[in-house]
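The next block holds one structure in the form of structure tokens; read it before the comments.
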Amino acid sequence: MKRWRGLPHPWLSLVLWLIWPLLVNSFALGQVLLGALLGWAIPLLVKDFLFEVPRLRHPLRLLGYLARILGDIVIANLHVAKLVLGPKSRLRPAFIEVPMALENEFLLTVLTSIISLTPGTVSASLSPDRRTLLVHALDAQEPARLVEQVKRRYEAPLLEIFECSPM
Amino acid sequence: MSFWIEALICLFLILGSLFALVGAIGLYRLPDFFTRLHGPTKATTLGVGGMIIASMIFFGSQGDGLSLHELLITLFLFITAPVSAHMLAKAAMQQRVKYIEKTQGKPWDQ
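Sequence order for the protein chains is Z and B.
One point on numbering: in my numbering, the residue at position 109 of the first sequence is 109, and numbering is uninterrupted.
One point on numbering: in my numbering, the residue at position 78 of the second sequence is 1078, and numbering is uninterrupted.
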């Protein structure tokens, strides 16, 4: 992929440019220009700290994936609300080890965040070799099923949507 | 502001508050540290989500154009909440915080 030295992360610059007018809630010309300046300068200053974001292969499928996650968050919220308000004996907490097929740092961060955001599961720790993720679940009847669900529903689409180096 | 818009705003506000309340009840009721960790992550998703939708409808109906501030609040929450939950869990494992007996599996040594 072609890289310009003056603009090391064009997509990040674009996002920052958009975020600035949103933060000040004004799309006046001055703010848009200031946003452009920030979008250009910030990635340049922090470029040594950023990690590589893999190329997006299927932008449309990413939207579908995000919509599915939002739906899952709502459903899981209702489920956890029921657990919290119901009798405590119904809780079946568990520490579950989920093997990770992802290797990219950025995608790992995204996946662990998604696991934590969907209520009922919190990603607790990643093994030093980044191959296993420890997840704490509030209600795990069968840990094996939860592992399967995380891998099929959240991990596999990420691998498909982004271009990843094969294992 | 028309009655229906007001009703819609109220609905989202009440929904959001209810989920925030459930999150707080969870923090109080759940038996150990790790299960309590699930309370806050929930309150930030649907609880704040409901209030943010209500806020967008309210300021959107004031006629100042679309209010997109709220999307940023969601974005920042979604980025930061999992990180803090992760760090709390790691710290708890390092301190060997007790967990209830029927928990399946074991935490790792940090």
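Yeah, the Cβ is synthetic: ideal placement off N, Cα and C, and Gly gets one too.
Remember, it's a predicted structure, so these values are computed and weren't measured experimentally.
- Within chain Z, the residues placing a beta-carbon under 9 angstroms from that of Val1022 (chain B) are Asn77, Val80, Ala81, Val84, Leu85, ordered along the chain.
- Under the Cβ criterion of 8 angstroms, Thr1041 (chain B) is counted among the residues facing chain Z.
- A contact between stretches requires three or more CB pairs, one per stretch, nearer than 8 angstroms, and the stretch 68-87 of chain Z fails this requirement with the stretch 1051-1063 of chain B.
- Cβ-Cβ distances below 7 angstroms link Val147 (chain Z) to Ile96, Val98 in the same chain, with the five nearest sequence neighbours on each side left out; the list follows chain order.
- Contact annotation for Ala94 (chain Z) against chain B: Thr1103, Gln1104, Gly1105 [CB-CB distance below 7 angstroms, chain order].
- Taking the Cα positions, Pro59 (chain Z) is about 9 angstroms away from Phe162 (chain Z).
- Listed along chain Z are Ala124, Ser125, each with a C-beta nearer than 9 angstroms to that of Lys1090 (chain B).
- Phe1059 (chain B) is positioned such that its CB atom lies closer than 8 angstroms to that of Ser1067 (chain B).
- For Ala1085 (chain B), same chain residues with a beta-carbon under 8 angstroms away, outside a window of 5 residues either side, are Leu1037, Pro1040, Thr1041 in chain order.
- For Gln1104 (chain B), the pairing in a beta bridge is given by DSSP as Z:Ala94.
- Separation of Pro1031 (chain B) and Arg153 (chain Z) (C-alpha to C-alpha, rounded to the nearest whole angstrom) is 29 angstroms.
- Taking Ala76 (chain Z) as reference, the option from B:Ile1100, B:Phe1019, B:Lys1102 with the minimal CA-CA separation is B:Phe1019.
- Excluding five sequence positions before and after Arg131 (chain Z), the CB atoms of its chain that fall closer than 8 angstroms to its own CB belong to Pro99, Met100, given in chain order.
- Taking a Cβ-Cβ threshold of 9 angstroms, the residues of chain B close to Val74 (chain Z) are Thr1045, Leu1046, Gly1049, in chain order.
- DSSP links Val122 (chain Z) through a beta bridge to Z:His136.
- Pairing Leu91 (chain Z) with Leu102 (chain Z), the inter-Cα distance amounts to about 30 angstroms.
- Interface flag for His9 (chain Z) against chain B is unset, since no Cβ pair is found closer than 8 angstroms.
- For Ser1067 (chain B), no alpha helix (DSSP H) encloses it, and the DSSP letter there is neither H nor E.
- Ala67 (chain Z) is positioned such that its CB atom lies no closer than 8 angstroms to that of Pro143 (chain Z).
- Proximity of Lys88 (chain Z) to chain B, defined by a Cβ-Cβ separation below 8 angstroms, is satisfied.
- At a cut-off of 8 angstroms between C-beta atoms, Pro54 (chain Z) does not count as an interface residue with respect to chain B.
- DSSP places Ala101 (chain Z) outside any alpha helix (DSSP H), giving it a letter other than H or E.
- Under the three-state reduction of DSSP output, Phe1059 (chain B) falls in the helix class.
- For the 8 angstroms CB-CB criterion, Ile1057 (chain B) and Ile1009 (chain B) form a contact.
- Under the Cβ distance rule, Ile1053 (chain B) does not count among the residues neighbouring chain Z, no pair being separated by less than 8 angstroms.
- Flagged as an interface residue toward chain Z: Leu1037 (chain B), by a C-beta distance shorter than 8 angstroms.
- Cα atoms of Leu37 (chain Z) and Leu1072 (chain B): separation of roughly 20 angstroms, rounded to the nearest angstrom.
- For Phe162 (chain Z), the three-state secondary structure derived from DSSP is strand.
- Going by DSSP, Asn25 (chain Z) is part of no alpha helix (DSSP H) at all; its letter is neither H nor E.
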